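Input: a single structure, listed below in C-alpha cells.
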Amino acid sequence: MPHISSSKDRMNVNPTTLFDDMPISVTQKIVFAICFVLNMFDGMDVVIVSYSASGIMADLGLRYGQMGLVFSAGLIGMALGGLVLGFYADKIGRRKLILGGLALIATGVFLGGQSQNIQQLGATRILAGIGIGGLLASVTAMTAEYAPKRARNTIVMLITAGYPLGALTTGLVVAIVMPTFGWRLTMAAAGVLTAAMIPLCLLLLPESLSFLAGKDKALAVKKINTILGKMHHPLIGSIASAFYQTHTGINVTDLLKSRFRIISIGLWGGLFFTFMTMYYLLSWIPKIAIDSGLSSDKAIIAGAVFSGGGFLGVWAVGAFANRYGYIRSIIGYCVIAFMTMIVYSVYRGELILVLLIAMIMGFTVQGAVGAFYGAAAKVYPAHMKSTGIGWTIGVGRMGAIAGPFLGGYLLAMDLKLVVNFAIFGAIMLIAAIIIYPLRYYVDEDMFGHAATTKPDNPD
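All the letters of the sequence shown, read from the start, carry residue numbers 28 to 486 under the working numbering.
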C-alpha cells in the first residue's frame with residue numbers, strides 16, 4: 028500500500044542528514060557489510076595477477092617490461108572506470124553501477140585465466156579494471172551516505188579496509204592453491220566468486236537515499252519511505268527545498284569551481300603520486316622477493332603481509348582522522364612510508380623482521396590511500412559525491428598506471444633495490460607536499476571549526 032503522509036511524518040527533511048540522529052539499523056549494517064565485502068573482492072581481483080606474475084611470465088614467456096604493461100593495463104581500466112562510471116553513478120544510481128561493475132570484474136578476471144598471449148591478458152585486465160574503478164567510487168559514496176555523521180569517518184575507513192584485507196586473504200589462499208592448480212584455475216575461480224556477489228546485491232543492497240531524492244522529485248518521498256519502513260525508522264513527509272537547490276546536474280568542471288578547485292587538484296595530485304608507489308609495491312613485491320631468494324610461497328606471503336599491514340593502516344585512519352584530520356594523517360603516513368621503504372631495501376636479516384617491515388610499509392602506504400578516499404567522501408556534497416570520489420580515484424589511477432610500468436623498467440635496468448625504493452619513497456614525500464595546503468579545507472582547524480566551511484572560495 029502506498030504511503031500517505033501524516034502529521035507524524037518528518038517534514039522538510041534533508042536526505043544527507045537523515046541518519047545523523049538515529050541509531051544504526053540492521054539495514055544500514057547490511058549495507059556496510061556488503062560494501063566491505065565488495066571492497067574485499069576488489070582487493071582480490073586487483074592483486075591476483077601480482078601473485079600470479081611468476082607463473083604468468085613463465086607460461087606466456089613475458090619479460091619484466093611486458094609484465095609491467097599487464098599490470099598497467101588493469102590500472103588503465105581502473106582509471107577509466109573511476110572517471111567515467113563514477114560520473115554515471117550520480118546519474119543512474121550507486122546500486123546499478125555496483126551491479127554493472129561486478130559483472131565487468133567477474134567477466135574480466137574469469138577470461139583473464141583463459142588468456143593465451145599478452146594481448147588477451149591485457150584486454151581482460153582493462154575490462155576488469157573498468158569495473159573495479161567504477162565500483163570503488165560507488166561503494167565509498169554509498170557507505171558515506173548511509174553512515175551517520177557521528178561515525179562516518181570510522182565507518183568509511185572500516186569499509187575501505189576491506190580492500191587490503193581482500194588482498195591479504197587472496198595472498199594466503201593463492202600461496203596454498205596455486206602450486207597445485209596453477210594461475211589459470213585460480214583466476215577463473217576468482218571470477219566465479221565475484222559473480223556470486225551479483226545476486227546478493229540484487230537482494231539486499233538498497234539504493235542511496237540522497238540519489239533517490241535528487242533523481243525523481245515526484246516519487247522520491249514514496250521510494251525513500253519504502254526503505255525507511257524496512258529500517259523501522261520514522262517516515263518523511265517532504266524533502267527540504269534547500270536539498271534541491273544544491274542537488275543539480277554536475278560535470279567535472281564543477282569540481283574545479285570556487286571552493287572545490289584547490290581541494291580537487293590537491294586530492295588528485297596527492298593520490299596520483301601515492302598510487303604510483305602503492306601499485307609499484309603491490310605489483311612487484313612478490314616477484315622482487317623471489318628474485319631476492321625467497322621461495323614462491325614465501326614471496327606470496329610477503330605480498331600478503333604487505334596487504335595485511337594495509338588493512339591495519341586503513342582501519343586506523345578512522346581514529347587518526349577523528350583526532351588529527353585526514354590531511355595531517357596522510358602526511359604522517361607518507362613520511363613514515365619513505366623511511367620504512369629505505370629500511371626494507373637495505374635490510375637482509377631475519378625473515379620475520381623482513382615481514383614486519385613489509386607490514387609497516389603496507390600500513391603507511393595503503394593507509395594513506397584510505398585517508399584520501401575518506402577525505403574525498405567527506406569534502407564533496409551528496410549530489411557530486413560519486414563524481415568527486417570517482418575523479419579523485421580516476422586521476423589517481425593515472426599514477427597507478429605509471430607505477431608498475433616504471434617499476435618494471437627500473438628492475439630491467441638491474442638497479443640496486445635501494446635505488447628503486449628511494450625513488451618511490453621520494454614520490455610519497457611529493458604526495459605529502461602536494462596535499463599539505465589542504466589541511467585548512469578538509470581537516471578541522473585548531474579551533475574546532477569545520478575547515479570546509481572556513482574559506483568559501485579558496486581560489
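Using N, Cα and C, we set each Cβ at its ideal position, and we do this for glycine too.
Here the structure is a predicted model, which means the values were calculated and not measured.
Cβ-Cβ separation, residue j to residue i (assumed contact under 8 Å), whole Å
| i | j | result |
| --- | --- | --- |
| Val111 | Asp72 | Rounded, the Cβ-Cβ distance is 19 Å, inconsistent with contact. |
| Thr44 | Ala133 | The pair is not a contact, with the Cβ atoms about 36 Å apart (cut-off 8 Å). |
| Val406 | Val362 | The Cβ separation is near 23 Å, so there is no contact. |
| Ala402 | Phe300 | At roughly 15 Å, the Cβ-Cβ gap does not stay under 8 Å, so Ala402 and Phe300 are not in contact. |
| Gly95 | Phe432 | 5 Å |
| Gly335 | Leu195 | 4 Å |
| Thr304 | Gly218 | That belief does not hold up - the Cβ atoms of Thr304 and Gly218 are roughly 28 Å apart, past 8 Å. |
| Asn252 | Val166 | Going by Cβ atoms, the distance from Asn252 to Val166 rounds to 25 Å, so no, they are not a contact pair. |
| Leu236 | Leu126 | That belief does not hold up - the Cβ atoms of Leu236 and Leu126 are roughly 18 Å apart, past 8 Å. |
| Gly417 | Ala155 | Incorrect: roughly 17 Å between the Cβ atoms, too far for contact. |
| Lys314 | Ser142 | With 8 Å as the limit, Lys314 and Ser142 do not qualify as a contact, their Cβ atoms being about 18 Å apart. |
| Ile461 | Gly293 | 6 Å |
Under the three-state DSSP convention, the category residue i falls into
| i | result |
| --- | --- |
| Ile571 | Residue 571 falls outside the range modelled here, since the chain spans only 28 to 486, and no answer is possible. |
| Glu172 | helix |
| Ser33 | At Ser33, the pLDDT of 43 sits below 50, so the modelled position is not reliable; the number obtained from the coordinates is stated separately. If DSSP states are grouped into helix, strand and coil, Ser33 belongs with coil. |
| Gln272 | Residue confidence is low: Gln272 scores 46 on pLDDT, short of 50, so the model does not pin down where it sits. Its coordinate-derived value is still stated next. DSSP places Gln272 in helix when its eight states are reduced to three. |
| Ala188 | coil |
| Ser322 | coil |
| Val392 | helix |
| Tyr307 | helix |
| Ser235 | coil |
| Lys284 | coil |
| Tyr400 | helix |
| Pro408 | coil |
| Tyr468 | coil |
| Pro482 | Here Pro482 scores only 36 on pLDDT, less than 50, and its place in the model should not be relied on; the value that follows carries that caveat. In the structure shown, Pro482 sits in coil (DSSP, three-state: anything other than H, G, I, E or B). |
| Phe299 | helix |
| Glu45 | Reading off the sequence shown, one finds Leu at residue 45, where the question assumed Glu. In this structure, Leu45 counts as coil in the three-state DSSP scheme. |
| Ala477 | In this predicted model, Ala477 has a pLDDT of only 42, less than 50, meaning its place in the structure is not dependable enough to derive any value. |
CB contact flag (residue i, residue j, <7 Å)
| i | j | result |
| --- | --- | --- |
| Ile384 | Tyr371 | yes |
| Ser356 | Val341 | no |
| Lys257 | Thr414 | no |
| Thr419 | Leu283 | no |
| Ala202 | Asp86 | no |
| Ile157 | Leu107 | yes |
| Arg533 | Ala168 | Since the first residue of the chain shown is 28 and the last is 486, residue 533 is not available in this structure. |
| Gly70 | Gly193 | yes |
| Met129 | Ile225 | Before going on, a small fix: residue 129 reads as Leu here, not Met. The answer is yes: Cβ separation under 7 Å. |
| Ala326 | Ile317 | yes |
| Ala188 | Phe338 | yes |
| Leu465 | Phe365 | no |
| Phe46 | Ile186 | no |
| Ile145 | Ala100 | no |
| Gly421 | Gly109 | yes |
| Trp210 | Ser79 | yes |
| Val76 | Leu309 | no |
| Phe333 | Ile312 | yes |
| Tyr306 | Phe451 | no |
| Gly140 | Ala215 | yes |
| Tyr173 | Val97 | no |
| Val373 | Val445 | yes |
Any chain D beta carbon closer than 7 Å to residue i
| i | result |
| --- | --- |
| Phe137 | In summary, chain D is missing from the structure at hand, where a single protein chain is found. |
Residue span of the alpha helix (DSSP H) that contains residue i, given as start and end
| i | result |
| --- | --- |
| Ser52 | Per DSSP, Ser52 belongs to no alpha helix (DSSP H) and is neither H nor E. |
| Lys412 | 412-439 |
| Pro226 | 224-231 |
| Phe451 | 444-462 |
Cβ-heavy atom distance, residue i to the ligand MG, below 6 Å
| i | result |
| --- | --- |
| Phe300 | No copy of the ligand MG appears in this structure; indeed no ligand is present at all. |
**Asked** Residue ranges of each alpha helix (DSSP H) run of no fewer than 4 residues wholly in the region 334-384, ordered along the chain?
**Response** Entirely contained in the region 334-384, the alpha helix (DSSP H) runs reaching 4 residues are, in chain order, 353-373.
**Message:** Could you tell me which whole alpha helix (DSSP H) segments of length 4 or greater appear in the region 121-173?
**Reply:** Segments of the alpha helix (DSSP H) lying fully in the region 121-173: 121-139, 145-173.
**Message:** Give the list of continuous alpha helix (DSSP H) stretches no shorter than 4 residues that lie fully inside the region 59-123.
**Reply:** List check, alpha helix (DSSP H) in window: 80-87, 91-107, 113-119.
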